[in-house]
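Residues in the sequence shown are numbered from 6 upward in steps of one, following this note's numbering. Here a beta-carbon is modelled for each residue, glycine too, at the ideal position from N, C-alpha and C. Just below is one structure, and these are the notes that go with it.
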Amino acid sequence: MIIIALTGASGIRYGIRLIDVLSSTDIDLTIILSETSRKLLLMEAGADQLDVIPPRAKIYQADQLDASVASGSTKTQGMIICPCSMKTLASIAHGFADNLISRAADCMLKERRKLVLVARETPLNLIQLRNMVAVTEAGGVILPASPGFYARPTSIDDLVDFVVGKTLDQFDIEHDLFLSWDKISKR
Ligand SMILES: Cc1cc2nc3c(=O)[nH]c(=O)nc-3n(C[C@H](O)[C@H](O)[C@H](O)COP(=O)(O)O)c2cc1C
Numbered sequence: 006m007i008i009i010a011l012t013g014a015s016g017i018r019y020g021i022r023l024i025d026v027l028s029s030t031d032i033d034l035t036i037i038l039s040e041t042s043r044k045l046l047l048m049e050a051g052a053d054q055l056d057v058i059p060p061r062a063k064i065y066q067a068d069q070l071d072a073s074v075a076s077g078s079t080k081t082q083g084m085i086i087c088p089c090s091m092k093t094l095a096s097i098a099h100g101f102a103d104n105l106i107s108r109a110a111d112c113m114l115k116e117r118r119k120l121v122l123v124a125r126e127t128p129l130n131l132i133q134l135r136n137m138v139a140v141t142e143a144g145g146v147i148l149p150a151s152p153g154f155y156a157r158p159t160s161i162d163d164l165v166d167f168v169v170g171k172t173l174d175q176f177d178i179e180h181d182l183f184l185s186w187d188k189i190s191k192r
């Protein structure tokens, strides 16, 4: 099982596509939505949570702290926060655990499981940079929503797929979302 959390950073399409791709695998999904992510779903994608959550996924709102994933004893392959706001980053960096997203992330770190934050903000202030260092030191992965252009993207979908593909790489999940430099350089 992989936990996917959507937060209120711009780039909600990354989260939608991630859910879309993972729902075509046999991996069980637990999806957590922050209140602001639901606003971003509407603002940036004209979507409702019901449009993007696959029927077999478990879904929780961020205030549901009694969900099973609030405990480290719930076995998971890891957690992806996509997109990840600077507020949620700060909460994780400081062990604040005041909602289901930051608490589940806290559990990933304490159980030494994979935690990937697809962070989205620019430019970054010193506090945000320090929070990224703190999460990295604790074992998390900061994966900026920063698409590469070496595969010559021609659409927004290509840019989104690059970031989602890089995220899947963190879990060694096979995909063909973008052509890696490894393959391009051998042409
Ligand atoms: C349209 C919109 C875009 C936003 N984009 C970002 C962003 O890219 N990065 C970020 O850190 N916060 C962004 N925010 C601010 C967060 O939504 C805000 O800090 C919120 O408290 C995050 O809460 P959450 O992490 O619980 O979802 C944006 C807010 C709005 C309304």
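Measuring CB to CB, does residue i end up less than 7 Å from residue j?
| i | j | result |
| --- | --- | --- |
| A124 | C89 | yes |
| V140 | I97 | yes |
| A14 | L34 | no |
| I193 | I9 | An answer regarding residue 193 cannot be provided, because it is not within the stretch 6 to 192 covered by the chain. |
| Y19 | V121 | no |
| Q69 | L94 | no |
| L38 | L11 | yes |
| E116 | G145 | no |
| A109 | V74 | yes |
| A72 | L114 | no |
Check whether the Cβ of residue i lies closer than 6 Å to any heavy atom of ligand 3, and answer yes or no.
| i | result |
| --- | --- |
| G77 | Absent from the structure shown: ligand 3. Ligands present: ligand 1. |
List, from N- to C-terminal side, the alpha helix (DSSP H) runs of 4 residues or more that fit wholly inside the region 16 to 78. 17 to 27, 40 to 50, 54 to 57
Environment of ligand 1 in chain order, Cβ to heavy atom below 7 Å: T12, G13, A14, S15, G16, S39, E40, T41, S42, K44, L45, M48, A67, P88, S90, M91, K92, T93, N104, I106, R125, E126
With a cut-off of 8 Å, do at least 3 Cβ pairs link the region 44 to 60 to the region 77 to 86? no
Fully enclosed by the region 98 to 139, which beta strand (DSSP E) runs are 3 residues long or longer? 119 to 124
Below 8 Å, how does it come out for the region 18 to 32 and the region 153 to 173: are there three or more Cβ pairs, yes or no? yes
Answer yes if the region 129 to 137 comes into contact with the region 170 to 187, meaning at least three C-beta pairs across the two stretches below 8 Å, and no otherwise. no
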